[in-house]
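Mind the numbering: the sequence shown is residues 1 to 342 in UniProt numbering, read in order. Heads up, the beta-carbon is just placed ideally off N, CA and C, and yes, glycines get one too. All remarks here apply to the structure that follows.
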Amino acid sequence: MSDISFEYNVPVFAGAPDEGTEPTHRDTPQYEALDWETTKMGVQKAEELGFDAVWAPDHLLLGRDHAEYECWTLLSAIAGFTEDINLGSLVLCNDYRNPALVAKMAATLDVISDGRLELGLGAGWHEPEYDAYGWEYRDGFERLMRLDESIRLMKRMWDAGTDGASFDGKHYQIEDAYCVPGPVQDPHPPILVGGQGEEVTLKLVAKHADVWNTDVFNGDVETLEHKIGVIEDHCETVGRDPDDVEYSWDGHVICTRDEEQFDRLLDLMTPIQFEAEYQDQAPIVTEEDAREYFIMGTPEECAAAIERRIDAGVTKFQGWFIDFPDTDGMELFADEVIPQFS
């Protein structure tokens with residue numbers, strides 16, 4: 001089994017409320033206005049504290065004032081001012097970029113970062129972004145089939161070496177497309193696939209992914225165990241060793257010994273209403289609800305929540321530190337939680 005890794009989700013948008021209003025985004029409820037030096041500081045602090053990777057979401061208009069950094073440009077910039085920490089997309093929307101170009105982009109970023117890229121991919125879901133930017137929003141099954149083709153196309157380009165790659169799919173076609181220089185990592189950067197649909201998405205994970213990303217709302221232990229079991233069953237169906245797939249937990253972290261601060265941050269973060277694709281699940285309203293899904297409380301309570309997820313099969317923990325731009329929670333987590341799993 002892989003070592004346990006602890007990873008940092010980059011605040012690419014601000015979510016703090018205007019005076020007298022509710023926070024505009026639960027991931028960054030204290031971040032008042034998007035500011036490059038502040039976001040950069042968080043990444044530098046994560047590397048300094050020994051986090052294993054930084055991850056950026058691929059959205060375009062979330063958060064306060066619809067201000068948000070574009071994922072790939074951001075990761076490229078981060079590669080230039082960091083040295084050791086891995087860089088990941090959580091997750092790139094397949095419909096926003098041509099997959100042949102993504103293969104080339106990924107190879108280039110892997111080269112310039114000296115093999116630090118982790119490539120997270122997803123079928124896309126945020127319809128308002130499609131509408132705003134002029135992309136066609138297809139039904140869920142077609143989006144997933146396009147993602148399946150995209151991953152196969154990218155792998156073919158990376159495998160081709162100095163030869164051109166060709167691919168004739170239903171949705172994508174290339175002819176003599178070169179990906180030179182190729183990725184530093186052999187055979188290619190690890191591929192993380194995000195999503196939760198059991199019949200199609202998780203089968204796609206079993207076919208293609210090195211890592212499955214839970215996304216925030218699969219974060220409770222019971223759901224994790226169930227979804228991991230589904231992926232393992234799909235692995236048997238497609239003839240793949242289930243041990244070839246890692247599992248990542250992506251969610252909110254509150255790490256503090258200050259009960260008053262805990263209550264304040266929890267009030268900022270909740271209630272959380274599930275998106276339409278989770279319409280059968282009740283919103284997260286109470287502290288008891290939140291503790292089922294997230295890692296929160298004292299360092300001891302955080303460690304216990306992590307241990308339960310490790311027992312379910314999780315090896316990667318990707319956290320949104322809710323007190324950002326304060327770094328007290330990150331520092332306490334790095335000082336007192338991470339060493340318990342080293």
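With distances taken from CA atoms, which of VAL205, ASN213 and ASP258 is nearest ARG240? Check the Cα spacing between ARG240 and each of VAL205, ASN213 and ASP258: the tightest is with VAL205.
The beta strand (DSSP E) enclosing ALA56, as first and last residue numbers: Here the beta strand (DSSP E) through ALA56 covers 53-56.
If we count the other Cβ atoms within 10 Å of its Cβ and call it buried at 16 or more, is GLY80 buried or exposed? Classification for GLY80: exposed.
ASN98 versus LYS203, ILE151, ILE254 and TRP320, residue with shortest Cα-Cα distance: Of all alpha-carbon atoms in LYS203, ILE151, ILE254 and TRP320, the one lying nearest the alpha-carbon of ASN98 is that of ILE151.
For MET1, I'd like the list of residues in its chain whose CB is within less than 6 Å of its CB, leaving aside the five on either flank, ordered along the chain. Caution is warranted here: a pLDDT of 36 is assigned to MET1, below 50, making its placement in the model unreliable, and no coordinate value can be reported.
Would you say the beta carbon of LEU332 comes nearer than 8 Å to a heavy atom of the ligand ATP? Absence of the ligand ATP is noted for the structure shown, with no ligands found whatsoever.
Measuring CA to CA, which of GLU222, HIS126, ASP95 and HIS25 is closest to ALA305? Relative to ALA305, the option among GLU222, HIS126, ASP95 and HIS25 whose CA is nearest is GLU222.
Per DSSP, what are the beta-bridge partners of TYR247 in this structure? Paired residue(s): TRP212.
Restricting to Cα atoms, I'd like to know which of PRO128, GLN340, GLN261 and GLU307 is closest to ASP249. Note that residue 249 is Trp in the sequence shown here, rather than Asp. Considering only alpha carbons, the answer is GLU307.
Any chance the segment 7-16 sits against the segment 42-60, with 3 or more Cβ pairs inside 8 Å? In this structure the segment 7-16 lies against the segment 42-60, because at least three pairs of beta carbons, one per stretch, are closer than 8 Å.
Anyone know if the C-beta pair for ILE231 and ALA312 falls short of 9 Å? The Cβ atoms of ILE231 and ALA312 lie no closer than 9 Å to each other.
Anticipated Cβ contact below 8 Å, ALA106 with PRO183, distance rounded: With a beta-carbon spacing of about 7 Å, ALA106 and PRO183 fall inside the 8 Å limit used to define contacts.
Go to LYS40, then tell me how far its alpha helix (DSSP H) extends in each direction, as first and last residue. First-last of the alpha helix (DSSP H) with LYS40: 36-49.
Which same chain residues end up closer than 6 Å to TYR69 when comparing Cβ atoms and leaving out the 5 residues on each side of it in sequence? The residues are VAL12.
Once you ignore the five residues that flank VAL337 on each side, which residues in its own chain have a CB closer than 6 Å to its CB? Closer than 6 Å at the Cβ level, and outside the excluded window around VAL337, lie PRO299, CYS302 and ALA303.
Could you tell me which of ARG146, GLU288 and GLU32 sits nearest to ILE322, measuring between CA atoms? Closest option to ILE322, judged by alpha-carbon separation, among ARG146, GLU288 and GLU32: GLU32.
Report the three-state DSSP secondary structure of TRP135 (helix, strand or coil). DSSP, read as helix, strand or coil, puts TRP135 in coil.
Excluding the five sequence neighbours on either side, which residues of its own chain have a C-beta within less than 6 Å of the C-beta of LEU268, listed in chain order? Within its own chain, the residues whose Cβ lies closer than 6 Å to the Cβ of LEU268, once the five positions on either side in sequence are excluded, are PRO23 and PRO29, listed in chain order.
Would DSSP call residue 429 helix, strand or coil? Because the chain in this structure spans residues 1 to 342, residue 429 falls outside the shown range and cannot be described.
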